[in-house]
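In our numbering, the protein residues as written are 226 to 763. Using N, Cα and C, we set each Cβ at its ideal position, and we do this for glycine too. Notes for the one structure printed next.
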């Protein structure tokens with residue numbers, strides 16, 4: 226019996242020894258395989274780091290100083306004033322794409338670091354994110370913007386996972402602590418994320434929650450205790466950029482930021498950008514090619530891309546300069562559309578006036594409004610309106626409401642005003658009113674222009690050329706103030722307008738060189754424009 230037990234023990238000892246040795250050998254082989262694989266991957270990574278392509282022209286032409294950003298002097302002045310002081314503010318930059326918003330924000334932080342009394346340290350970070358790409362989940366397992374907690378059941382293998390400990394992961398708001406968080410296209414940020422961001426901006430720290438965290442658990446490291454109890458630092462300054470209109474941005478965000486506006490670039494500025502791009506591309510470019518680029522590019526990025534393509538085309542054809550034909554080929558091949566920039570004509574015409582509108586952030590536009598009036602044969606006239614938005618929809622409170630557009634309502638108000646104040650029986654005429662340019666127009670600010678246009682068409686009086694109008698028309702002839710007067714008048718000046726009629730209440734909003742005539746009643750407009758009083762019963 227004793228011998229049997231001894232033999233059994235020896236057998237199990239031998240089996241255990243074989244198992245342990247086999248396991249150690251297997252681990253050693255796995256370790257060697259992993260080490261060999263890691264070394265191979267490291268060599269691949271080093272090889273990849275030695276491969277470099279030529280620097281893109283868009284990167285070569287990227288401004289390295291504020292003075293190199295074209296056409297945004299006023300916007301840059303406001304941006305630096307908000308960020309480079311002793312108490313930097315949160316900022317929201319409006320403007321079309323490709324005009325320098327991101328570049329200006331990055332350079333503004335560098336300027337702020339060198340400003341006296343600045344709270345930004347020399348190593349303050351600039352963390353950039355695109356709001357259109359930010360994703361999150363309800364359990365905050367993955368949230369690159371705010372941060373997340375990797376719970377043991379989700380985080381997989383690892384020291385914290387095996388120990389059953391929650392592991393906080395910092396988001397962009399914490400990575401930007403002491404610096405700037407730049408959110409491109411912030412207008413596209415999900416409302417839930419926006420509310421979280423606003424809370425972080427207010428508290429200047431991020432608080433996390435986890436079902437796996439216990440205040441009494443002594444196995445949890447002290448730094449995790451501090452994160453859950455005191456929050457993770459997130460003291461930064463937000464710079465958001467958007468191509469949306471201010472009215473489309475949530476009021477909760479707008480009330481917490483300084484709003485800065487970048488304007489669209491002029492053809493002359495696009496020409497300068499294209500010429501600079503060609504210079505850095507190493508090839509001269511003729512003036513006709515530059516003019517063509519300015520006509521077909523929407524922004525500075527478009528201009529540089531066209532130049533970059535033209536450089537490649539010229540080099541492929543063994544040319545030493547960029548010709549107009551090269552740019553023409555790029556325009557046709559890239560399906561570029563020519564920018565329509567209406568110009569005010571000097572000749573006086575019946576039933577044709579120029580109105581003013583806002584087409585985007587800091588972007589005004591000249592509108593050509595035409596009207597044809599003819600006495601109705603049956604005594605009961607008709608309306609035809611083209612080029613105006615007929616209806617608009619609004620969403621809020623879980624409801625979608627539809628109503629007549631402001632432009633159409635303004636047209637009916639003008640008809641009532643002409644009938645009440647001038648005795649013009651609109652219903653006796655067949656009328657066709659049209660806005661040229663293919664752009665759907667909405668808003669009440671075209672009221673004065675429509676009134677002058679209809680009065681001219683019905684009475685047969687020509688409207689002086691190079692004259693523009695803006696203002697909302699009341700039922701009794703009073704002219705009410707409108708928004709965006711500064712942008713509208715700047716667009717009018719660039720379009721060749723010499724005189725602009727604006728509401729008297731907007732008189733102090735523009736200090737430029739364009740001649741403006743403040744008016745408060747339609748009778749003043751007729752006296753100034755036509756030199757006559759209102760015709761009764763026209």
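Euclidean distance between Cα positions of residue i and residue j
| i | j | result |
| --- | --- | --- |
| residue 495 | residue 551 | 18 Å |
| residue 754 | residue 691 | 12 Å |
| residue 590 | residue 704 | 21 Å |
| residue 536 | residue 499 | 11 Å |
| residue 376 | residue 506 | 52 Å |
| residue 727 | residue 419 | 38 Å |
| residue 680 | residue 567 | 23 Å |
| residue 285 | residue 271 | 26 Å |
| residue 295 | residue 605 | 56 Å |
| residue 373 | residue 475 | 25 Å |
| residue 433 | residue 303 | 36 Å |
| residue 635 | residue 672 | 6 Å |
| residue 531 | residue 559 | 9 Å |
| residue 299 | residue 746 | 34 Å |
| residue 484 | residue 751 | 38 Å |
| residue 594 | residue 471 | 27 Å |
| residue 457 | residue 350 | 17 Å |
| residue 744 | residue 598 | 26 Å |
| residue 596 | residue 685 | 11 Å |
| residue 429 | residue 340 | 23 Å |
| residue 643 | residue 683 | 11 Å |
| residue 473 | residue 583 | 14 Å |
| residue 491 | residue 416 | 35 Å |
For residue i, three-class secondary structure by DSSP
| i | result |
| --- | --- |
| residue 763 | Its pLDDT being 45, under 50, residue 763 is placed unreliably by the model, and the measurement read from it follows with that caveat. Reduced to three states, the DSSP call for residue 763 is coil. |
| residue 392 | strand |
| residue 728 | strand |
| residue 465 | strand |
| residue 406 | strand |
| residue 373 | strand |
| residue 599 | strand |
| residue 590 | strand |
| residue 231 | helix |
| residue 278 | coil |
| residue 609 | strand |
| residue 315 | coil |
| residue 711 | helix |
| residue 583 | strand |
| residue 518 | helix |
| residue 269 | helix |
| residue 479 | helix |
| residue 458 | strand |
| residue 293 | helix |
| residue 434 | coil |
| residue 734 | helix |
| residue 687 | strand |
| residue 704 | strand |
| residue 242 | helix |
| residue 523 | coil |
Option nearest residue i by Cα separation, candidates the options
| i | options | result |
| --- | --- | --- |
| residue 637 | 603, 661, 608, 735 | 608 |
| residue 423 | 278, 723, 477 | 477 |
| residue 400 | 463, 298, 449 | 463 |
| residue 290 | 313, 328, 284 | 328 |
| residue 513 | 428, 312, 549 | 549 |
| residue 515 | 546, 398, 710, 425 | 546 |
| residue 736 | 750, 718, 745 | 718 |
| residue 487 | 346, 353, 524, 733 | 524 |
| residue 412 | 469, 298, 578 | 469 |
| residue 480 | 355, 555, 582, 317 | 317 |
| residue 465 | 715, 582, 409 | 409 |
Boundaries of the alpha helix (DSSP H) in which residue i is found, first to last residue
| i | result |
| --- | --- |
| residue 426 | 416-428 |
| residue 492 | 492-506 |
| residue 654 | No alpha helix (DSSP H) contains residue 654, which is instead part of the beta strand (DSSP E) from 654-660. |
| residue 677 | 672-684 |
| residue 748 | 747-755 |
| residue 722 | Where residue 722 is concerned, there is no enclosing alpha helix (DSSP H), given that its DSSP letter is neither H nor E. |
| residue 400 | 397-400 |
Residue span of the beta strand (DSSP E) that contains residue i, given as start and end
| i | result |
| --- | --- |
| residue 302 | Note, residue 302: premise wrong, no beta strand (DSSP E); alpha helix (DSSP H) at 298-308. |
| residue 449 | Segment 447-455 is the alpha helix (DSSP H) holding residue 449; no beta strand (DSSP E) there. |
| residue 484 | 483-486 |
| residue 743 | 740-744 |
| residue 693 | 692-694 |
Alpha helix (DSSP H) runs contained entirely in the segment 526-577, provided each spans 4 or more residues: Complete alpha helix (DSSP H) runs here, min 4: 549-559.
Every unbroken alpha helix (DSSP H) inside the segment 323-364 [4 residues or more]: Here the runs fully enclosed are 326-338.
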